[in-house]
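Presented below is the structure to which this report refers.
There are 2 protein chains.
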Amino acid sequence: MTSDDSSQITERKRGSGVKLVYDLLRDEILDLKLSPGSAIDEVQLATRFGMSRTPIREALVRLAGEGLIETLPNRSTMVSNIDFLGMPAYFDALVLMYRVTTRLAAQHHQADDLLLIRERQAEFSAAVAAQDALAMIATNADFHAAIAAAGRNAYYASFFDRLLGEGRRMLRLYYQSYDDRLPPRYVDEHEEIIAAVEARNVAAADRLGKAHGEQIVEQIGRLLTRNDRLDIVL
Amino acid sequence: MTSDDSSQITERKRGSGVKLVYDLLRDEILDLKLSPGSAIDEVQLATRFGMSRTPIREALVRLAGEGLIETLPNRSTMVSNIDFLGMPAYFDALVLMYRVTTRLAAQHHQADDLLLIRERQAEFSAAVAAQDALAMIATNADFHAAIAAAGRNAYYASFFDRLLGEGRRMLRLYYQSYDDRLPPRYVDEHEEIIAAVEARNVAAADRLGKAHGEQIVEQIGRLLTRNDRLDIVL
DNA sequence: TGTATTTTTTTTGTCGACAAAGAAAATGGA
DNA sequence: TCCATTTTCTTTGTCGACAAAAAAAATACA
Numbered sequence: 001m002t003s004d005d006s007s008q009i010t011e012r013k014r015g016s017g018v019k020l021v022y023d024l025l026r027d028e029i030l031d032l033k034l035s036p037g038s039a040i041d042e043v044q045l046a047t048r049f050g051m052s053r054t055p056i057r058e059a060l061v062r063l064a065g066e067g068l069i070e071t072l073p074n075r076s077t078m079v080s081n082i083d084f085l086g087m088p089a090y091f092d093a094l095v096l097m098y099r100v101t102t103r104l105a106a107q108h109h110q111a112d113d114l115l116l117i118r119e120r121q122a123e124f125s126a127a128v129a130a131q132d133a134l135a136m137i138a139t140n141a142d143f144h145a146a147i148a149a150a151g152r153n154a155y156y157a158s159f160f161d162r163l164l165g166e167g168r169r170m171l172r173l174y175y176q177s178y179d180d181r182l183p184p185r186y187v188d189e190h191e192e193i194i195a196a197v198e199a200r201n202v203a204a205a206d207r208l209g210k211a212h213g214e215q216i217v218e219q220i221g222r223l224l225t226r227n228d229r230l231d232i233v234l
Numbered sequence: 235m236t237s238d239d240s241s242q243i244t245e246r247k248r249g250s251g252v253k254l255v256y257d258l259l260r261d262e263i264l265d266l267k268l269s270p271g272s273a274i275d276e277v278q279l280a281t282r283f284g285m286s287r288t289p290i291r292e293a294l295v296r297l298a299g300e301g302l303i304e305t306l307p308n309r310s311t312m313v314s315n316i317d318f319l320g321m322p323a324y325f326d327a328l329v330l331m332y333r334v335t336t337r338l339a340a341q342h343h344q345a346d347d348l349l350l351i352r353e354r355q356a357e358f359s360a361a362v363a364a365q366d367a368l369a370m371i372a373t374n375a376d377f378h379a380a381i382a383a384a385g386r387n388a389y390y391a392s393f394f395d396r397l398l399g400e401g402r403r404m405l406r407l408y409y410q411s412y413d414d415r416l417p418p419r420y421v422d423e424h425e426e427i428i429a430a431v432e433a434r435n436v437a438a439a440d441r442l443g444k445a446h447g448e449q450i451v452e453q454i455g456r457l458l459t460r461n462d463r464l465d466i467v468l
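Going line by line, the protein sequences match chains A and B. Residues in the first sequence are numbered consecutively from 1, following this note's numbering. Residues in the second sequence are numbered consecutively from 235, following this note's numbering.
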């Protein structure tokens, strides 16, 4: 019911409405601006975006396809809950994808791939320096997506992309609990990964990808146990 | 333009239309009844199913989300082409998922999982005996989906499911080229996998999953080279 | 007061219609 | 005959409206 909806009613091209709604809603969900479990009202969105329910609906169908929202048969649609019980499975898959994509990048990357990867790394480094948590999460995902692209396997890349998106919400929780600071260790790890990829050192790429993933898993684990303790204090 | 569309106009419940269209269209695409690259007409589908364009559209959006159809901005939508150039990447991912899911099933399966797996195996075996190619493909996918479910990792399971779906089209080509017969070797391999899972032998499960996947890859490879030769004869 | 039944309200699923965007066809000029 | 321009046609994207489903509220009854 936050009614300062700064209603963005503007002229837009035919066919662009769906993408607009989809992108914005996706970002709002992943940045936890829309809290998990909160209801989604088609009519409200329609008035907010100044368009009919039809394009809104199409955007929602797409989001549902990615599992970001859940839609009960004839009843409400809501933002998907974060599946904390499924976190071990999630991180298992994430680490495997870290490994596989980095490994393939070391094998199959071409010259201009490295340029793109370095660009992403620069953006990530800047976000860390600026202590901008949201930017860190986004640019980190972009960095690894660029590595996956260099691996030349569209199936891994799209799966990895989905995992990284889903993970944005959990990572957001993680960063929030700290002061939105991040140890520069991450930046260094990225540099090592770039070096291994450039040297086409598959074994090192595999090892670094695995370590990078598992380190994040450990930090998340520490966060959860720490929160448990904090929650108990009277 | 096959106009014997046996128009299935019947009373159906509110909300069931989309799923009906989605399932049928998906099957027709994966069974190559709709050939890759062929155009899809919303109006034609609407009249065929006796419903408005709206639910048709929603089904198409979902199929597009899975990559089974491609939709040009303001122009036609068509059945996605099979990406033959991407086949190495595809099989790489498929084999990895064979390995991972079988391995996890050996670790995490519970008692009733094996019952389901054995059911699927029985169906697959029956399809092989009946020399029903379409049933073989479908039941084989179901068998491995059951194993993935026993692995208790929803992320791997959904990714694997998507791969198996996409692969149905390529496998259909493969079976078509033979006499829709299948060496009973497949059935035996499945039995070995079940035994390894039941014995919780992770190493064996991994090895068998890998061998099973790679064997299929080899057979597809043989098919393609054979077809290349056949295509050249004058 | 508590429970079963009816009524109202809210929200979704579906429909038919219309306008925009391209593509295809038709027209005109060299 | 060939190419450029205009016109027609096809197909999509969007809209407003209405009916079905489920929940919430109201009513009746013990």
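All C-beta atoms in this analysis are idealised placements derived from N, C-alpha and C, irrespective of residue type, glycine included.
The residue among B:Ala382, B:Ala323, B:Glu448, B:Ala273 with its C-alpha nearest the C-alpha of Ser158 (chain A) is B:Ala323. The beta carbon of Phe160 (chain A) lies closer than 6 Å to those of Met97, Thr101, Ala148 in the same chain, with the five residues before and after it left out.
Under the DSSP assignment, Glu262 (chain B) falls in the alpha helix (DSSP H) whose first and last residues are 250-264. Put simply, the segment 300-318 of chain B does not touch the segment 371-379 of chain B. Fewer than three CB pairs are less than 8 Å apart. Per the coordinates, the alpha-carbon of Ile194 (chain A) lies some 50 Å from the alpha-carbon of Gly251 (chain B).
If you check the CB distance, Gln107 (chain A) and Val202 (chain A) come in under 7 Å. For Ala93 (chain A), the neighbours in chain B by C-beta distance under 7 Å run, in chain order, Asn387, Tyr389, Tyr390. In the displayed model, Ile274 (chain B) falls within a strand according to three-state DSSP. Contact note: Val100 (chain A) reaches chain B through Leu330, using a C-beta cutoff of 8 Å and chain order. Taking 7 Å as the Cβ-Cβ cut-off, the segment 431-461 of chain B has no residue approaching chain A. Within the segment 298-311 of chain B, the residues whose Cβ lies closer than 9 Å to any Cβ of chain A are, in chain order, Ala298, Gly299, Glu300, Gly301, Pro307, Asn308. One Cα belongs to Ala375 (chain B), the other to Ser314 (chain B), and the distance between them is close to 21 Å. Judged by beta-carbon spacing, Asp347 (chain B) lies within the 7 Å limit of Ala384 (chain B), meaning their Cβ atoms are closer than that value.
Within the same chain, and ignoring the five residues on either side of Arg162 (chain A) in sequence, the residues whose Cβ sits closer than 7 Å to its Cβ are Glu66. At a cut-off of 7 Å between C-beta atoms, Phe393 (chain B) counts as an interface residue with respect to chain A. The beta carbon of Ala363 (chain B) sits closer than 7 Å to no other beta carbon from its chain once the five residues preceding and following it are set aside.
Closer than 7 Å to the CB of Arg296 (chain B) there is at least one CB belonging to chain A. Separation of the CB atoms of Leu259 (chain B) and Leu306 (chain B) is rounded to 18 Å, and the pair is thereby denied contact status at 8 Å. Counting only residues of its own chain and dropping the five nearest sequence neighbours on each side, Gly37 (chain A) has a CB closer than 7 Å to the CB of Met78, Val79, Asn81.
The beta carbon of Asn387 (chain B) is closer than 7 Å to those of Leu338 in its chain, skipping five residues each way along the sequence.
A distance of 7 Å or more separates the beta carbons of Ala379 (chain B) and Ile351 (chain B). The residues Leu302, Val313, in chain order, have a CB closer than 6 Å to that of Ile263 (chain B) in the same chain once the five nearest residues on each side in sequence are set aside. Look at the segment 247-261 of chain B: the residues with a C-beta under 8 Å from a C-beta of chain A are Arg248, Gly249. Just so you know, the alpha carbons of Val61 (chain A) and Ala433 (chain B) end up roughly 42 Å apart.
If you check each beta-carbon in the segment 275-288 of chain B against every beta-carbon of chain A, the ones closer than 9 Å belong to Thr288.
For Ile82 (chain A), the three-state secondary structure derived from DSSP is coil. The beta carbon of Glu425 (chain B) sits closer than 8 Å to the beta carbons of Gln355 from its chain, once the five residues preceding and following it are set aside; these are given in chain order.
Interface criterion not met: the Cβ of Ala141 (chain A) is under 7 Å from no Cβ in chain B. For Glu70 (chain A), the enclosing beta strand (DSSP E) covers residues 69-71. The continuous stretches of alpha helix (DSSP H) do not include Arg434 (chain B), and DSSP gives it neither H nor E. In this chain, the alpha helix (DSSP H) harbouring Arg337 (chain B) covers 321-342. Listed in chain order, the non-local C-beta contacts of Lys267 (chain B) below 6 Å within the same chain number zero, local neighbours out to five positions each way being set aside. For a Cβ distance threshold of 8 Å, residue set Tyr155 of chain A lies close to Leu397 (chain B), ordered along the chain. A residue is called buried once 16 or more other Cβ atoms fall within 10 Å of its Cβ, and Val43 (chain A), having fewer, is exposed.
Sequence-distant Cβ neighbours of Pro289 (chain B) in its own chain, meaning closer than 7 Å and more than five residues away, are Gly251, Val252, Val255.
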